[in-house]
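Visitor: Sharing a structure here in structure tokens format.
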Amino acid sequence: MFRILRTRALGRNIKLFEIEAPRIAHKQKPGQFVILRLHDRGERIPLTIEGSDPKKGSITLVVQSIGKTTSLMNSLEAGDVVLDVVGPLGKPSEIRNYGTAVVIGGSVGTAVALPTARALKEAGNRVIGITGSRSKDLLVLEDELRAVSHETFVMTDDGSYGEQGLVTKKLQELIDSGLKIDLVLAIGPVPMMRAVWNVARTHGIKTLVSLNSIMVDGTGMCGGCRVLAGDKSKFACVDGPEFDAAEINFDVLIQRNNMYRGDEKRSLDKFLANPEEDLKLMRDLRSRADAERCQLETLEAAAKREVSDAVA
Amino acid sequence: MPSHNPLANRDRMKIQRQHMPEQDAVERGHNFKEVNLGLPEEVAKIEAQRCLACEKTTCITACPVGVKIKDFVDLVLAGDYIGAARKIREDNSLPAVTGRVCPQEDQCEGKCVLAKKGSSLAIGYLERFVADYEQSTGQLGMPAIAPATGKKVAIVGSGPAGLSCAGDLIQKGHKVRVFEALHEIGGVLIYGIPEFRLPKEIVRQEVDNLRQMGVEFETNVVVGKTVTIDELMQEEGYDAVFLATGAGLPQFLGIAGEHLNGVYSANEFLTRVNLMRAYQFPEYDEPVYDCRGKDVIVVGGGNTALDAVRTALRLGARSASIFYRRTEAEMPARKEEVAHAKAEGVQFHFLVNPLAFEGDEKGWLKSVTCSRMELGEMDASGRRRPVPVQGSEFETAVSLAIIAVGTTANPLVQSTTPDLATNKRGYIVTDADSQKTSKRGVFAGGDIVTGAATVILAMGAGRNGAKAIHDYLTTDVF
Ligand SMILES: Cc1cc2nc3c(=O)[nH]c(=O)nc-3n(C[C@H](O)[C@H](O)[C@H](O)COP(=O)(O)OP(=O)(O)OC[C@H]3O[C@@H](n4cnc5c(N)ncnc54)[C@H](O)[C@@H]3O)c2cc1C
Ligand code: FES
């Protein structure tokens with residue numbers, strides 16, 4: 000069981016979680032993800048790791064409520080526990096000094112892009128950040144992106160904040176201004192990533208994307224996450240999640256991500272109509288974890304007493 | 000040991016092989032409850048009387064772990080079922096599992112003298128009877144645990160190989176911790192083999208027994224990612240490691256259309272249904288393709304293929320068919336499963352091989368084009384190689400296709416352990432007897448060494464590994 004240490008609302012239906020997961024915190028590298036299962040009846044969903052604190056033994060995740068599991072997750076608070084978190088999975092981002100890197104985050108994609116952006120900067124790249132979303136309330140971690148970028152642009156579709164327009168508009172402007180771009184990293188909804196690639200490809204700019212395939216195990220065991228890369232099949236969970244956009248067949252990705260649309264809706268509707276069932280599972284889990292912790296503390300105290308008695 | 004059999008050999012041979020009571024074929028096609036119901040005590044006793052108690056126990060020689068069949072059958076005759084269970088456990092730590100899933104017809108029962116004269120002793124049924132009796136009374140013949148040695152062993156993977164290795168090592172007084180990538184313990188026994196063939200409660204019970212003996216389990220650890228072998232040994236103080244990661248990587252056909260929605264690997268389909276309990280969606284969150292009223296095909300002829308096709312049937316498929324490129328005689332699946340599947344209404348199409356999948360404009364599978372095959376020359380596996388029949392292509396409508404043509408080694412551990420030797424196909428190379436790998440203190444066994452095989456072979460490898468690890472830890476000779 001994995002305890003939530005801290006939460007922070009970042010935007011409409013978007014929440015940051017700091018979760019105790021020492022093993023993962025020690026190993027996590029930018030670009031990697033975890034698979035999480037909330038309770039005994041839960042599904043396994045992939046979430047990219049926004050960052051980690053190895054000393055504290057914690058990782059941070061940013062979750063946007065979209066389906067049932069993410070909605071339930073976003074009702075959790077510090078002190079609550081989730082049943083299973085496994086990781087860090089996937090290949091870390093390929094970090095080197097490319098030159099100038101434009102990092103583009105679409106809404107929560109910005110959270111996912113942050114650790115890689117930071118690493119790119121540390122590797123000597125000039126990092127230009129672009130964060131965009133439909134409207135202001137879906138924009139997240141702008142300050143954090145600013146902190147890891149040499150220059151940052153904020154875009155909203157409706158102009159409610161920053162500049163009005165899509166992230167691709169800004170990318171195009173940067174290209175048109177004569178800026179030599181060596182790498183684009185685009186993370187966000189698939190249509191956004193595809194649109195970015197369509198701009199970048201005409202200028203021959205290497206573009207990396209992080210794919211949010213449907214996953215089960217996350218270890219290469221099921222093949223459910225497979226993507227069509229060139230004419231080859233690759234598993235997003237072990238060969239990715241980051242891929243060179245040039246190899247990816249985005250149409251197949253979108254098609255496969257639609258596979259459970261109906262079920263996802265049914266599951267969400269059921270949850271929204273009667274959230275109590277799941278909330279109770281989460282409360283029970285927390286009590287179980289509390290009891291276990293209590294027991295552990297008693298044992299540890301007893302062990303300490305024994306040691307001090309022995310010393311005395 | 001004097002035999003408890005009251006009958007003369009001649010009379011023993013007059014008794015017919017007893018039948019396993021099973022759930023009605025039509026009814027069970029709609030539920031996930033176990034198909035075989037187990038022998039009642041009286042029937043088990045009658046069956047046990049058929050044993051000729053041969054001088055030369057060919058059945059035992061044919062058992063990969065050498066279960067003392069003659070002795071345990073005699074204990075059944077004596078009515079000492081717990082004693083019989085203890086006898087089996089001397090060689091086999093998961094009797095309730097193997098009694099259900101071993102390919103007995105290729106092993107013990109295949110070499111039973113009675114097989115030549117009609118039908119073999121139902122050793123698997125008897126093993127299951129004894130194991131179930133033991134579990135139902137809760138009087139588990141718990142083995143004694145040796146005094147603590149102070150040595151620590153990490154076991155990677157919690158399938159039959161890992162579990163049996165853990166069970167043996169804990170008895171020798173070592174500290175044992177099993178690391179499992181998934182959230183539940185049991186490997187293929189949990190995520191692969193369906194409830195209707197191996198109830199998960201039985202696996203859980205066996206895992207609980209190990210826990211009571213002192214084995215520690217840590218789920219959600221992908222060794223190679225979450226922690227490496229070197230970290231386990233150098234930072235966490237493990238004196239030895241046993242790798243039992245299985246052969247979990249699914250193979251696809253590599254034909255057009257495999258990315259269509261509605262094409263699954265058997266691993267994914269079975270994992271969703273078994274591990275994630277998608278058959279109870281939406282009570283459980285993980286969905287699986289809604290098979291109701293659909294035509295489903297499964298490509299392959301092994302146990303996995305049969306498990307997948309019978310699962311699809313239970314999920315409400317209108318038709319559930321096996322497409323196999325050889326003939327029934329070459330099918331590697333257990334004979335009993337084939338018979339059960341037929342009774343349930345699974346259709347078998349032999350000598351067919353898919354060439355391409357076709358989809359609709361939204362990317363959903365709608366048909367498959369196949370070629371008919373014929374058997375040609377012998378191939379490396381000693382079976383006649385299927386070759387396509389020219390001009391025999393045909394197309395057939397289908398909504399769900401499940402690929403069950405085998406699995407290979409998952410490279411996660413090997414790729415982060417550079418000094419671990421693997422063969423061309425990615426399997427870990429070990430010393431045949433001792434399960435030693437090229438890396439000091441690291442041993443391996445089960446499907447990750449042999450390639451996809453059987454539960455009992457994996458368990459045998461786990462036992463050998465435990466023996467070798469114990470020798471290594473106590474004599475420090477590598
Ligand atoms: C659907 C199906 C049906 C079958 N039916 C039968 C049958 O009827 N009879 C029979 O005898 N055999 C059957 N088999 C074969 C049998 O199940 C296997 O041969 C046996 O389970 C192999 O055991 P194992 O311990 O080597 O590996 P597995 O059972 O595969 O267990 C390996 C475990 O290791 C874990 N793991 C993998 N990598 C890592 C890692 N890096 N870190 C941590 N954990 C890891 C996996 O998650 C898994 O839990 C069947 C197999 C399948 C798939
Ligand atoms: S999620 Fe199962 S193989 Fe990638």
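Those protein sequence lines, which keep their order, are chains A and B.
Heads up: the first sequence at position 72 corresponds to 71 in numbering that gives the first Met the number 0, and the numbers run straight through without jumps.
Heads up: the second sequence at position 77 corresponds to 76 in numbering that gives the first Met the number 0, and the numbers run straight through without jumps.
Quick reminder that beta carbons are idealized off the backbone N, C-alpha and C, glycines included.
#1: Quick one: list the residues of chain A neighbouring D284 of chain B, beta-carbon separation under 7 Å, in chain order.
#2: Would you identify the three-state DSSP class for C369 of chain B, choosing helix, strand or coil?
#3: For T130 of chain A, write down the residues that DSSP places opposite it in a beta bridge.
#4: Identify whether T109 of chain A lies in helix, strand or coil by the three-state DSSP scheme.
#5: Could you give the C-beta distance for A400 of chain B and V298 of chain B, rounded to a whole number, given that I count them as a contact under 8 Å?
#6: According to DSSP, is F477 of chain B helix, strand or coil?
#7: Please go through the same chain and pick out, in chain order, the residues whose beta-carbon is closer than 8 Å to the beta-carbon of V272 of chain B, but skip the five residues on each side of it.
#8: If you count every other CB in all the chains shown that lies within 10 Å of the CB of F478 of chain B, and 16 or more means buried, which is it?
#9: Identify the contact partners of A180 of chain B in chain A, using a Cβ-Cβ distance below 9 Å as the criterion.
#10: Shorter than 8 Å from the beta carbon of K269 of chain A to some beta carbon of chain B?
#11: Taking 7 Å as the cut-off, is the CB of A235 of chain A close to at least one heavy atom of ligand 4?
#12: In the DSSP assignment, what are the bridge partners of I144 of chain B?
#13: State the Cα-Cα distance for the pair R16 of chain B and A43 of chain B, rounded to the nearest angstrom.
#14: Can you look up Q346 of chain B in the DSSP assignment and give me helix, strand or coil?
#15: Output, in chain order, the set of chain B residues within a Cβ distance shorter than 7 Å of M258 of chain A.
#16: In the DSSP assignment, find the alpha helix (DSSP H) that holds N352 of chain B and state where it starts and stops.
#17: Is the distance from the Cβ of V214 of chain B to the Cβ of A160 of chain B below 8 Å?
#18: Which residues does DSSP list as the beta-bridge partners of A319 of chain B?
#19: For T416 of chain B and Q171 of chain A, what's the separation of their Cα atoms in angstroms?
#20: Whole angstroms are fine: how far does the CA of G108 of chain A sit from the CA of G239 of chain A?
#21: To the nearest whole angstrom, what separates the beta carbons of I247 of chain A and V208 of chain A, a pair I think is in contact under 8 Å?
#22: Check whether the Cβ atoms of V189 of chain A and V139 of chain A lie closer than 8 Å to each other.
#23: Please give the ranges of any alpha helix (DSSP H) in the region 26-91 of chain A, keeping only runs that are unbroken, at least 4 residues long and fully inside the region.
#24: In chain A, which residues lie with their C-beta within 9 Å of the C-beta of V271 of chain B?
#25: So what does DSSP say about K171 of chain B, is it helix, strand or coil?
#26: Answer yes or no: does any C-beta atom of chain B fall closer than 8 Å to that of R255 of chain A?
#27: CB-CB under 7 Å to Q233 of chain B, same chain, minus the five flanking residues each way: which ones, in chain order?
#28: May I have the straight-line CA-CA distance separating L37 of chain A from F1 of chain A, to the nearest angstrom?
#29: Per the contact definition of three or more C-beta pairs closer than 8 Å, is the region 21-35 of chain A in contact with the region 223-238 of chain B?
#30: Given a limit of 8 Å on CB to CB distance, which residues of the region 102-118 of chain A reach chain B?
#31: Would you mind listing the beta strand (DSSP E) stretches within the region 45-126 of chain B that are 3+ residues and don't spill past its ends, in chain order?
#32: What's the gap between the Cα of A332 of chain B and the Cα of A457 of chain B?
#33: What is the residue span of the beta strand (DSSP E) that Y263 of chain B lies within?
#34: Quick one: residues in its chain with C-beta nearer than 7 Å to the C-beta of C236 of chain A, no 5 flanking neighbours on either side, listed in chain order?
#35: With a cut-off of 8 Å, does the C-beta of N409 of chain B fall near any C-beta of chain A?
Guide: For this structure:
#1: Going along chain A in sequence order, the residues near D284 of chain B (Cβ under 7 Å) are R40, G41, E42, K67, T68, S266.
#2: For C369 of chain B, the three-state secondary structure derived from DSSP is strand.
#3: According to DSSP, T130 of chain A bridges with A:G104, A:V153.
#4: T109 of chain A falls in the helix class under three-state DSSP.
#5: So it is a contact: roughly 7 Å between Cβ atoms.
#6: Note that F477 of chain B scores a pLDDT of 46, beneath 50, so its modelled location is shaky; the value from the coordinates is reported in the next line. In this structure, F477 of chain B counts as coil in the three-state DSSP scheme.
#7: So the qualifying residues of the chain are P193, Y278, V287, T310, L314.
#8: What is shown of chain B runs 0 to 477, which leaves residue 478 of chain B out entirely.
#9: For a Cβ distance threshold of 9 Å, residue set V85, D216, G217, T218, M220 of chain A lies close to A180 of chain B, ordered along the chain.
#10: Yes, its Cβ sits closer than 8 Å to a Cβ of chain B.
#11: In the structure shown, ligand 4 is absent; the only ligands present are ligand 1 and ligand 2.
#12: Paired residue(s): none; I144 of chain B is not in a bridge.
#13: R16 of chain B and A43 of chain B have their alpha carbons spaced roughly 10 Å apart.
#14: When secondary structure is reduced to three states using DSSP, Q346 of chain B falls in the strand class.
#15: Here the neighbours are N260.
#16: Where N352 of chain B is concerned, there is no enclosing alpha helix (DSSP H), although the beta strand (DSSP E) it sits in stretches over 351-358.
#17: No, these two residues do not count as a Cβ contact at 8 Å.
#18: Residue pairing by DSSP places A319 of chain B opposite B:V295 in a beta bridge.
#19: Computed Cα separation, rounded: 45 Å.
#20: Looking at the two C-alpha atoms, the distance is approximately 16 Å.
#21: Going by Cβ atoms, the distance from I247 of chain A to V208 of chain A rounds to 7 Å, so yes, they are a contact pair.
#22: No, the pair does not count as a contact, with Cβ atoms beyond the cut-off.
#23: Complete alpha helix (DSSP H) runs here, min 4: 67-72.
#24: The sequence given here has Arg at residue 271 of chain B, not Val. In chain order: V215, C221, G223.
#25: DSSP places K171 of chain B outside both helix and strand once states are collapsed to three, so it counts as coil.
#26: Chain B, which has a Cβ nearer than 8 Å to the Cβ of R255 of chain A, makes this yes.
#27: No residues qualify anywhere along the chain.
#28: Their backbone Cα atoms lie some 10 Å apart in a straight line.
#29: Flag = yes, the region 223-238 of chain B and the region 21-35 of chain A touch.
#30: For the region 102-118 of chain A, no residue has a beta-carbon sitting nearer than 8 Å to a beta-carbon of chain B.
#31: Given a length threshold of 3 residues, the region 45-126 of chain B has no whole run of the beta strand (DSSP E) inside it.
#32: So the two alpha carbons sit approximately 17 Å from each other.
#33: Looking at the DSSP string, the run of the beta strand (DSSP E) that includes Y263 of chain B is 262-264.
#34: Excluding the 5 residues flanking it on each side, C236 of chain A has same chain C-beta neighbours closer than 7 Å at L88, G89, M214, G217, T218, G219, C224, in chain order.
#35: Chain A contact via Cβ: present.
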